[in-house]
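Trainee: The structure under discussion is supplied below as structure tokens; questions concerning it will follow.
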Amino acid sequence: MTLKIAVAGGNRGARFDQVLNQLRERVELVAVCDPDDQVRAEWTLDRPNLKAYAEFEEMVEDPNIEAVFVATPMFLHAGQALTALNAGKHVLSEVIAATTLDECYALVETVEKTGLTYMMAENYCYRREAMMIKYMCDQLVFGELTYAEGAYIHDCRDLMFNSDYSRTWRGGGTGKGVTTQSSRGNGYPTHSLGPIAQWLGINRGDRLARTTTFVTKSVARQEWALSVLPEGHIDTSAAAWASFTDSATTLIETQKGRLICLRKDSASPRPHNMAQHSLQGTKGSYLSGRFDGEDPLVWIDGVSKGISPANFGYTDKARPMVTNGQTNAEWQPLWELSKYYESPYWQELSKQALQAGHGGGDFFVMYDFARAVSGEIDPPINVYDAVTWSSIMPISIENVKRNGEPIEVPDFIER
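Throughout, the working numbering is defined as the position within the sequence shown, counted from one, plus 134.
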């Protein structure tokens, strides 16, 4: 059965054009929605039968559409997902799923009420290394997991303004149907948190219990604005960026006593590192590459070189028996273990996935969504995962308002 899908948001949605073609036996693109005339024209140029809508509300009334991929600006995601669900459409939503706790609860209640498929398209969970680490966690290779770090570091200052120097949604601008709020918090948590949540089994035996966030002052945005905007432009003043932050650090404690540390920075000048992760367990550790092309690393007790602890200078201290020649623990490339722990998905579908964006993630999210709608699998990133991970944004903003006071993370399953 082929799923008839519409894409809402022609710019980001265009990144899935190749994926939709690869999955044409499972997914048929029947409509696109975007308020921009030129964007719609580009989509329909070589697709004479493709319906193009300017208004989202009109599109979801089309009885030929079975599912909607919401790929619009972030602050529209929850509202449009709710509109589509209430119109009887399955929903694949770009990240983040919601920007307020009220939106989180509304999504859960609507999915439960309608019985429709909802999935969040967190493509970072499908990167090769992320899926391999999850497979290793499922096999208990790292032992009992205790700590994880994630960071999304991506200088987006050149994406804050349109050509006429008005602000885009990333810069806190407003547009039709768009509401914005202060980003003095962790405004984009799911790329970092999503893989970690899957490794730790969040909502599958453990849950996020409480969290706090601290932020830096806002400096980099104003400096950049001064360098590119006309003299006297309102956004060259420090006051224009007072509700922003250069960098945010979030700490999350889980119900089982694990600790998660997240960093989000979309303003500081430096090379991108949008998939930075580390993981610690009682039998080993994982460390992602620091930049594109650098191998991720692992150290596994009894598998990798060396031992830990290995403080050989203290001969009078208690330690397990060691053999001559053993050395301090040494990292090894993760890929050296791929023959044992490669994710079955990547073993089977790597060639197709690597043709898509975000390290193959764009292919897998659409593939799994189609499978979930058909009933082959449950959504791997379901509505409870989507709102749990996304809730860090509004909670973090409240953390900052309360000077770092920890706040309980809602249990959206047992509410």
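By construction, the Cβ of each residue, glycine as well, lies at the ideal position given by its N, Cα and C atoms.
Compute the Euclidean distance between the alpha carbons of Ala-148 and Asp-168, then round it to the nearest angstrom.
Mentor: As a position in the sequence shown, residue 148 is number 14, starting the count at 1. As a position in the sequence shown, residue 168 is number 34, starting the count at 1. Using only the alpha carbons, I get a separation of about 11 Å.
Trainee: Straight-line CA distance for Ser-508 to Leu-210?
Mentor: Here the question's residue 508 lines up with position 374 in the sequence shown. Here the question's residue 210 lines up with position 76 in the sequence shown. Cα to Cα, Ser-508 sits roughly 26 Å from Leu-210.
Trainee: Please classify Leu-241 as buried or exposed, where buried requires at least 16 other C-beta atoms within 10 Å of its C-beta.
Mentor: Looking up residue 241 in the sequence shown gives position 107. With 16 or more Cβ atoms within 10 Å of its Cβ, Leu-241 is classed as buried.
Trainee: Span of the alpha helix (DSSP H) holding Ser-477?
Mentor: Here residue 477 is taken as the residue at index 343 of the sequence shown, counted from 1. From DSSP, Ser-477 is part of no alpha helix (DSSP H); its letter is neither H nor E.
Trainee: Which word fits Lys-268, buried or exposed, when buried means at least 16 other C-beta atoms lie within 10 angstroms of its C-beta?
Mentor: Counted from its first residue, the sequence shown places residue 268 at position 134. Buried, by the Cβ-count rule.
Trainee: Look at the Cβ atom of Met-266, then the Cβ atom of Trp-480, and state whether they are nearer than 9 Å.
Mentor: The count along the sequence shown starts at 1 and reaches residue 266 at position 132. The count along the sequence shown starts at 1 and reaches residue 480 at position 346. Yes, the Cβ-Cβ distance between Met-266 and Trp-480 is below 9 Å.
Trainee: Short of 6 Å in beta carbon distance, which residues of its chain neighbour Leu-360, apart from the five on each side in sequence? Order them along the chain.
Mentor: As a first step, residue 360 must be located in the sequence shown, where it is residue number 226. Here the set comprises Thr-370.
Trainee: At what residue ranges does the segment 354–402 contain a whole run of the alpha helix (DSSP H), taking only runs of 4 or more?
Mentor: DSSP runs (the alpha helix (DSSP H)) wholly in the segment 354–402: 354–362.
Trainee: If you check the beta carbons only, do Val-543 and Ile-529 fall under 9 Å apart?
Mentor: By one-based count along the sequence shown, residue 543 stands at place 409. By one-based count along the sequence shown, residue 529 stands at place 395. Closer than 9 Å, so yes.
Trainee: Ends of the alpha helix (DSSP H) at Leu-327?
Mentor: Counting from one through the sequence shown, the residue named residue 327 turns up at place 193. Counting along the chain, the alpha helix (DSSP H) containing Leu-327 begins and ends at 324–334.
Trainee: Specify whether the segment 406–416 and the segment 281–288 touch according to this definition: at least 3 beta carbon pairs, one from each stretch, less than 8 Å apart.
Mentor: yes
Trainee: Compare the C-alpha of Ile-330 against each of Val-534, Thr-522, Trp-465 and name the closest.
Mentor: On the sequence shown, residue 330 is found 196 positions in, with the first residue counted as 1. Considering only alpha carbons, the answer is Thr-522.
Trainee: Taking Met-135 as the reference, which of Gly-143, Asn-155, Glu-162 has the closest Cα?
Mentor: For the purposes of this step, residue 135 is taken as residue 1 along the sequence shown, with counting starting at 1. Measuring from the Cα of Met-135, the nearest candidate turns out to be Glu-162.
Trainee: With burial defined as no fewer than 16 other Cβ atoms inside 10 Å of the residue's Cβ, what is the status of Lys-473: buried or exposed?
Mentor: Taking the sequence shown and counting its residues from 1, one reaches residue 473 at position 339. Label assigned to Lys-473: exposed.
Trainee: Straight-line CA distance for Leu-483 to Asp-236?
Mentor: On the sequence shown, residue 483 is found 349 positions in, with the first residue counted as 1. On the sequence shown, residue 236 is found 102 positions in, with the first residue counted as 1. Roughly 38 Å between the two C-alpha positions.
Trainee: Sorted by chain position, which residues of the same chain lie with C-beta nearer than 7 Å to Gln-486's C-beta, five sequence neighbours on each side aside?
Mentor: Translated into positions along the sequence shown, residue 486 becomes position 352. For Gln-486, where only same-chain residues beyond five positions count, the Cβ hits under 7 Å are Gln-156, Phe-497.
Trainee: Just the C-alpha distance for Glu-159 and Asp-519, rounded to the nearest angstrom, thanks.
Mentor: By 1-based counting over the sequence shown, the position of residue 159 is 25. By 1-based counting over the sequence shown, the position of residue 519 is 385. The alpha-carbon atoms of Glu-159 and Asp-519 are separated by roughly 28 Å.
Trainee: Between the alpha carbons of Leu-327 and Thr-345, how many angstroms are there, rounded?
Mentor: The sequence position of residue 327 within the sequence shown is 193, counting from 1. The sequence position of residue 345 within the sequence shown is 211, counting from 1. Going by the C-alpha atoms only, they are around 13 Å apart.
Trainee: By Cβ distance, which residues of its chain are closer than 6 Å to Asp-399, with the 5 residues on each side in sequence left out?
Mentor: As a working mapping, residue 399 is identified with position 265 in the sequence shown. Ile-287, Ser-381, listed in sequence order.
Trainee: Tell me, to the nearest whole angstrom, how far the beta carbon of Trp-375 is from that of Arg-355; I am working on the premise that it is less than 8 Å.
Mentor: Your numbering for residue 375 matches position 241 in the sequence shown. Your numbering for residue 355 matches position 221 in the sequence shown. With 8 Å as the limit, Trp-375 and Arg-355 qualify as a contact, their Cβ atoms being about 5 Å apart.
Trainee: Looking at C-alpha atoms only, which residue of Val-534, Met-500, Asp-450 is the closest neighbour of Val-225?
Mentor: By one-based count along the sequence shown, residue 225 stands at place 91. It is Met-500.
Trainee: How many Å lie between Leu-468 and Cys-238 at the Cα?
Mentor: Position 334 of the sequence shown, counted from the first residue, corresponds to residue 468. Position 104 of the sequence shown, counted from the first residue, corresponds to residue 238. Leu-468 and Cys-238 have their C-alpha atoms spaced approximately 36 Å apart.
Trainee: Go through its chain and collect everything with a Cβ distance to Pro-403's Cβ below 7 Å, but skip five positions before and after it.
Mentor: Sequence index remark: in the sequence shown, residue 403 carries index 269 (1-based). Asp-289, Ala-354, listed in sequence order.
Trainee: From which residue to which residue does the beta strand (DSSP E) around Ser-317 run?
Mentor: Locating residue 317 in the sequence shown gives position 183, where the first residue counts as 1. It is not in any beta strand (DSSP E) - Ser-317 carries neither H nor E in the DSSP assignment.
Trainee: Can you round the beta-carbon distance between Gly-277 and Gly-415 to whole angstroms, since I take them to be within the 8 Å contact cut?
Mentor: For this step, residue 277 is matched to residue 143 along the sequence shown. For this step, residue 415 is matched to residue 281 along the sequence shown. Yes, they are in contact, since the Cβ atoms of Gly-277 and Gly-415 sit about 4 Å apart, within 8 Å.
Trainee: Among residues of its own chain, excluding the 5 on either side of Leu-250, which ones have a beta-carbon nearer than 6 Å to its beta-carbon?
Mentor: Here the question's residue 250 lines up with position 116 in the sequence shown. Apart from sequence neighbours up to five positions away, the residues of its chain that approach Leu-250 with a beta-carbon distance below 6 Å are Leu-219, His-224, ordered along the chain.
Trainee: Look at the Cβ atom of Leu-396, then the Cβ atom of Leu-385, and state whether they are nearer than 9 Å.
Mentor: Counting from one through the sequence shown, the residue named residue 396 turns up at place 262. Counting from one through the sequence shown, the residue named residue 385 turns up at place 251. In contact: Leu-396 and Leu-385 (Cβ atoms closer than 9 Å).
Trainee: Looking at the secondary structure, which residues open and close the alpha helix (DSSP H) in which Cys-238 lies?
Mentor: Within the sequence shown, numbered from 1, the residue matching residue 238 stands at position 104. From DSSP, the alpha helix (DSSP H) with Cys-238 extends over 235–248.
Trainee: Distance check for Gly-447 and Trp-465, CA to CA, integer angstroms please.
Mentor: As a working mapping, residue 465 is identified with position 331 in the sequence shown. As a working mapping, residue 447 is identified with position 313 in the sequence shown. The straight-line gap from Cα to Cα measures roughly 21 Å.
Trainee: Which word fits Asp-171, buried or exposed, when buried means at least 16 other C-beta atoms lie within 10 angstroms of its C-beta?
Mentor: Position 37 of the sequence shown holds residue 171. Asp-171 should be labelled exposed.
Trainee: Going by C-alpha distance, which of Tyr-260, Gly-391, Glu-200 is nearest Tyr-252?
Mentor: Numbered from 1 along the sequence shown, position 118 holds the residue referred to as residue 252. Tyr-252 has its Cα closest to that of Glu-200, out of Tyr-260, Gly-391, Glu-200.
Trainee: Can you tell me the Cβ-Cβ gap for Ala-140 and Thr-206, rounded? I've got them flagged as a contact below 8 Å.
Mentor: By one-based count along the sequence shown, residue 140 stands at place 6. By one-based count along the sequence shown, residue 206 stands at place 72. Your pair Ala-140 and Thr-206 does not check out as a contact, with CB atoms roughly 12 Å apart and the cut at 8 Å.
Trainee: Return the CA-CA distance between Val-534 and Thr-234, expressed in angstroms with no decimal places.
Mentor: Position 400 of the sequence shown, counting from 1, holds the residue named residue 534. Position 100 of the sequence shown, counting from 1, holds the residue named residue 234. If I take the Cα positions, the gap works out to 15 Å.
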